[in-house]
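When the letters of the sequence shown are read in order and numbered with UniProt numbering, they come out as residues 1 to 145.
From the three backbone atoms N, C-alpha and C, an ideal C-beta is built for every residue, glycine too.
Small disclaimer: the values here were computed from a predicted structure and weren't measured.
Input: a single structure, listed below in structure tokens.
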Amino acid sequence: MAHFINDRASLVTDAIDGLVAGSGGALARLDGYPEIRVVLRAELEPDKVAVVSGGGSGHEPAHAGFVGPGLLTAAVCGDVFASPSVDAVLAGILAVTGEAGCVLIVKNYAGDRLNFGLAAERARALGRRVETVLVADDIALPDAA
């Protein structure tokens with residue numbers, strides 16, 4: 001059977017590389033890549049509230065596919081079906097958050113809630129204004145509200 005991937009080990013980085021390469025310069029990778037996988041707008045607007053989301057990879061184009069004007073400022077990409085690390089989320093927050101602050105859009109999954117929540121606390125301890133919005137309307141889960 002043919003696959004639409006090069007190698008399972010490089011699946012996420014290959015997808016990010018392709019997305020950034022095809023963006024015409026609108027997207028960039030945060031320093032620390034590939035260990036820290038954050039896709040962000042190439043031209044940041046520090047006077048506006050940054051909007052950051054992310055989560056496990058494997059559902060593309062979410063989350064990096066939504067980075068752009070009027071949408072996300074940055075997306076933090078975890079491994080396939082695994083939340084990104086606290087350090088990766090914190091790096092994303094610190095990279096895009098200016099005086100106006102940051103809103104984190106967090107899905108209602110244990111790993112995302114834990115890692116994004118801890119990163120938000122650390123960012124606040126560093127003096128950043130960070131708020132979170134929890135999204136829990138997942139039709140794949142029978143008890144989602």
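* Asked: Under 8 Å between the Cβ atoms of R128 and I93?
  -> The residue labelled residue 128 in the question sits at position 128 within the sequence shown. The residue labelled residue 93 in the question sits at position 93 within the sequence shown. Cβ distance < 8 Å, so R128 and I93 count as in contact.
* Asked: With a Cβ-Cβ cutoff of 8 Å, do V80 and G54 count as a contact?
  -> Here residue 80 refers to the residue found at position 80 of the sequence shown. Here residue 54 refers to the residue found at position 54 of the sequence shown. Result no, Cβ atoms of V80 and G54 do not sit closer than 8 Å.
* Straight-line gap, V89 to A64 (C-alpha atoms, nearest Å) -> The residue you call residue 89 lines up with position 89 of the sequence shown. The residue you call residue 64 lines up with position 64 of the sequence shown. Their Cα atoms are separated by approximately 13 Å.
* Asked: CA-CA distance, V49 and A2?
  -> Working through the sequence shown from its first residue, we reach residue 49 at position 49. Working through the sequence shown from its first residue, we reach residue 2 at position 2. Whole-angstrom Cα-Cα distance: 43 Å.
* Asked: Are V96 and A74 touching if we call contact CB-CB under 8 Å?
  -> Residue 96 sits at position 96 when you count from the first residue of the sequence shown. Residue 74 sits at position 74 when you count from the first residue of the sequence shown. Their beta carbons are under 8 Å apart, which means V96 touches A74 by this criterion.
* Inter-residue Cα distance where the pair is G78 and A9 -> As a first step, residue 78 must be located in the sequence shown, where it is residue number 78. As a first step, residue 9 must be located in the sequence shown, where it is residue number 9. When rounded, the distance between both Cα atoms is 13 Å.
* Out of curiosity, what's the CA-to-CA distance linking L40 and S23? -> Counted from its first residue, the sequence shown places residue 40 at position 40. Counted from its first residue, the sequence shown places residue 23 at position 23. If you take the alpha carbons of L40 and S23, they lie about 11 Å apart.
* **Residues near G58 in its chain [Cβ-Cβ closer than 6 Å; skip 5 each side]** => As a working mapping, residue 58 is identified with position 58 in the sequence shown. If we look at G58 and ignore the five residues flanking it on each side, its Cβ neighbours are V80, F81.
* Going by the beta-carbon positions, is the gap between D138 and N115 smaller than 8 Å? -> Stepping through the sequence shown from its first residue, residue 138 is reached at position 138. Stepping through the sequence shown from its first residue, residue 115 is reached at position 115. No, they are not a contact pair.
* Since I believe E60 is in contact with A15 (beta carbons under 8 Å), could you give me their beta-carbon distance rounded to a whole number of angstroms? => On the sequence shown, residue 15 is found 15 positions in, with the first residue counted as 1. On the sequence shown, residue 60 is found 60 positions in, with the first residue counted as 1. Sure, about 6 Å apart at Cβ, within 8 Å.
* **Three-way DSSP call (helix, strand, coil) for L134 in this model** => One-based indexing of the sequence shown puts residue 134 at position 134. Note: L134 maps to strand in three-state DSSP.
* Asked: Is DSSP giving I139 helix, strand or coil here?
  -> Numbered from its first residue, the sequence shown carries residue 139 at position 139. In the structure shown, I139 sits in coil (DSSP, three-state: anything other than H, G, I, E or B).
* Asked: Which residue or residues does DSSP assign as beta-bridge partners of S57?
  -> On the sequence shown, position 57 is the one that residue 57 refers to. Paired residues: V80.
* L11 and V67: beta carbons closer than 8 Å? -> As a first step, residue 11 is located in the sequence shown; it is residue number 11 there, counting from the start. As a first step, residue 67 is located in the sequence shown; it is residue number 67 there, counting from the start. No. Outside cutoff.
* Asked: With distances taken from CA atoms, which of T13, D17, G25, A100 is nearest residue 151?
  -> Residue 151 falls outside the range modelled here, since the chain spans only 1 to 145, and no answer is possible.
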